[in-house]
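Participant: Got a structure for you, questions after.
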Amino acid sequence: MLYLDRNENLYGPAPKCYEALKQVGVEELSVYSREYSRGVKSKLSERLAAEFGIPEPQILLSEGSEDMLKQAVHCYLGPGEKALCPAQSWWYYQRIASEVGGETVTYAIREGRDAYGYDVDEIISLYQKESPRVVLIASPNNPTGNSFADEDLSKLTEAFRESIVVLDEAYWGFADMSNERVARLVGRYRNLAVLRTFSKLYALAGARVAFTAVGTGLSRLTKFAARYLGYNRISESLALAALDSREYYLDVSRKLQQDRELYYRFFATCKGFRCYKSDANFVLVKIPPHLKSPLQQYLNDEQIALKFFSEPEFHSFIRITLGTEEQNHRVLNAFSYFLSLGHSMGGAA
Ligand SMILES: Cc1ncc(COP(=O)(O)O)c(C=O)c1O
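So for the sequence shown, the numbering used here puts the first residue at 357; every next one is plus one.
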């Protein structure tokens, strides 16, 4: 089965990561890292601090960004308090607040002709009406693939000064690999946490390692997230090797950007389909509703797993994770063949 339903990076991690794994010895397996005695959390947080130009205490580590999303919300949200998050997003966003007796309020992401987009003024007026304790924003968002422009992000964070703001950048790096805005944002907004993960671009989802840059106002989260005996040393070695492999990941990012274009062009020629512009390693595609079940059946027979949604809003949508060039061609060939069987807008074949 070709799994293109989970937004993993099927190019796999950089060669240096495999070399790092081969070198794992007793130090990594049996010994706590003891970096606390040097006054830093770990070698990884130290390296990230230097790379981002942010003081090390403001870099937090976690087991994936899922873990940090949970920690941030659990740390700040009390029973009955509100978390504001996008309506069309990773399903887990809408679960976290309920884990601590909180309430979720959602803002819509608007469907445009060829891309989804945020309505910043609408989000701000909802914010003013609801006064949420925590706000989640995603850039790029899953599954719509749209991002915030820098000026919109500044406008929002400016408006959200009374809350804890969590910016999830799990899908960073598939549109561009610049890092400069993280230090600028957390330097300016004391209440902001910017989440990044090694799961997506760096293809280390199985290593469960992520980091968060926080503003100086989030000292409660900094304490909450501290792990005094250190972190997973094998995952850290993998993450450090990934950071040493910028050229490899630039190449992966370029290939995925080219293949996104391939998907846009392909679906533009398919009547009744619409593929939305994405800054991530997946594309969202609207399909003719009557084709949903024959398509699902056909792809299953072809051993290709794509994401078919259960949410009513996305009933006639699929999300396709981009794989390697070869895998993407396999998917597009499968669609061509399926459509050549006589499946058209007219009715189910
Ligand atoms: C928007 C978003 N954020 C965060 C995550 C969690 O990723 P991880 O915990 O592997 O860092 C996912 C997983 O798919 C996601 O879609």
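Note that CB positions come from ideal geometry on N, CA and C, so glycine has one too. Keep in mind it's a predicted model, so treat the numbers as computed, not measured.
Spatial neighbours of Y359 within its chain, please: C-beta separation below 7 Å, excluding the five flanking residues on both sides.
Facilitator: For this step, residue 359 is matched to residue 3 along the sequence shown. Excluding residues within five positions, the ones whose Cβ falls inside 7 Å are A661.
Participant: Should K338 go down as buried or exposed, given a rule of 16 or more other Cβ atoms within 10 Å for buried?
Facilitator: Limits of the chain in this structure are 357 at one end and 705 at the other, which puts residue 338 out of reach.
Participant: For the region 548-562 against the region 417-434, do three or more pairs of beta-carbon atoms, one drawn from each stretch, fall closer than 8 Å, so that the two count as touching?
Facilitator: Contact annotation: the region 548-562 touches the region 417-434, with at least three C-beta pairs closer than 8 Å.
Participant: Give the list of continuous beta strand (DSSP E) stretches no shorter than 3 residues that lie fully inside the region 635-659.
Facilitator: 638-642
Participant: By DSSP, does Y374 sit in helix, in strand, or in coil?
Facilitator: The residue given as residue 374 occupies position 18 in the sequence shown. Helix.
Participant: Is DSSP giving Y448 helix, strand or coil here?
Facilitator: As a first step, residue 448 must be located in the sequence shown, where it is residue number 92. Coil at Y448, not helix or strand.
Participant: Closer than 8 Å is the cut-off here; do at least three beta carbon pairs connect the region 588-597 with the region 395-404?
Facilitator: yes
Participant: Under the three-state reduction of DSSP, which class applies to L697: helix, strand or coil?
Facilitator: By one-based count along the sequence shown, residue 697 stands at place 341. If DSSP states are grouped into helix, strand and coil, L697 belongs with coil.
Participant: For F354 and Y527, what's the separation of their Cα atoms in angstroms?
Facilitator: Past the boundaries of the shown model lies residue 354; the chain is included only from 357 to 705, so the question cannot be answered.
Participant: Can you list, in chain order, the residues of its chain whose CB lies under 8 Å from that of Y432, leaving out five sequence neighbours each side?
Facilitator: By 1-based counting over the sequence shown, the position of residue 432 is 76. Cβ contact annotation for Y432 (same chain, cutoff 8 Å, sequence separation greater than five): R489, V490, I520, R576 and L577, in chain order.
Participant: Would you report the Cα separation of G702 and D600, rounded to the nearest angstrom?
Facilitator: On the sequence shown, position 346 is the one that residue 702 refers to. On the sequence shown, position 244 is the one that residue 600 refers to. Interpretation of G702 is limited by its pLDDT of 45, a score under 50 that renders its predicted location unreliable; no figure is taken from the coordinates.
Participant: Use the C-beta contact count for A704: other C-beta atoms within 10 angstroms, 16 or more gives buried, fewer gives exposed.
Facilitator: As a working note, residue 704 is residue 348 in the sequence shown. Confidence at A704 is low in this model, with a pLDDT of 41, below 50, so its placement is unreliable and no value can be given for it.
Participant: Pairs of beta-carbons, one from the region 439-449 and one from the region 607-627, closer than 8 Å: are there three or more?
Facilitator: Short answer: they don't touch.
Participant: Is E536 helix, strand or coil when you go by DSSP?
Facilitator: Locating residue 536 in the sequence shown gives position 180, where the first residue counts as 1. Helix.
Participant: Indicate, with yes or no, if ligand 1 has a heavy atom lying under 7 Å from the CB of A494.
Facilitator: For the purposes of this step, residue 494 is taken as the residue at position 138 of the sequence shown. Checking every heavy atom of ligand 1 against the Cβ of A494, one is found closer than 7 Å.
Participant: Please classify G381: is it buried, with 16 or more other beta-carbons within 10 angstroms of its beta-carbon, or exposed?
Facilitator: Taking the first residue of the sequence shown as position 1, residue 381 is located at position 25. G381 comes out exposed.
Participant: Would you mind stating whether A563 and I410 have Cβ atoms separated by less than 8 Å?
Facilitator: Here the question's residue 563 lines up with position 207 in the sequence shown. Here the question's residue 410 lines up with position 54 in the sequence shown. Their beta carbons are not under 8 Å apart, which means A563 does not touch I410 by this criterion.
Participant: Using 8 Å as the Cβ pair cut-off and three pairs as the minimum, do the region 645-661 and the region 630-637 touch?
Facilitator: The region 645-661 is not in contact with the region 630-637.
Participant: Just to confirm my understanding: we take R394, look at its own chain, exclude 5 residues before and 5 after, and list those with CB closer than 7 Å. What are they?
Facilitator: Here residue 394 corresponds to residue number 38 of the sequence shown, with the count starting at 1. Correct list: empty, nothing qualifies.
Participant: From A428 to F673, what distance separates their C-alpha atoms?
Facilitator: For the purposes of this step, residue 428 is identified with residue 72 of the sequence shown, where counting begins at 1. For the purposes of this step, residue 673 is identified with residue 317 of the sequence shown, where counting begins at 1. Taking the straight line from one Cα to the other gives about 31 Å.
Participant: Looking only at its own chain, which residues have a Cβ that is under 7 Å from the Cβ of G571, when we skip the five neighbours before and after it?
Facilitator: Taking the sequence shown and counting its residues from 1, the one referred to as residue 571 is at position 215. Answer for G571: V542, Y545, R546, N547 and L548, listed in chain order.
Participant: Of all residues in the structure, which have a C-beta closer than 6 Å to any heavy atom of ligand 1, taken in chain order?
Facilitator: N363, G420, S421, E422, W446, A494, N498, D524, A526, T553, S555, A561 and A566
Participant: My output table needs one value for R466: the three-state DSSP class, helix, strand or coil.
Facilitator: The sequence position of residue 466 within the sequence shown is 110, counting from 1. Residue state, collapsed to three classes: strand.
Participant: State the DSSP-derived secondary structure class of A559, mapped to helix, strand or coil.
Facilitator: Residue numbering aside, residue 559 sits at position 203 when the sequence shown is read from its first letter. Coil.
Participant: Return yes when the Cβ of F638 is within less than 8 Å of the Cβ of L688, no when it is not.
Facilitator: Translated into the one-based positions of the sequence shown, residue 688 becomes position 332. Translated into the one-based positions of the sequence shown, residue 638 becomes position 282. No, the pair does not count as a contact, with Cβ atoms beyond the cut-off.
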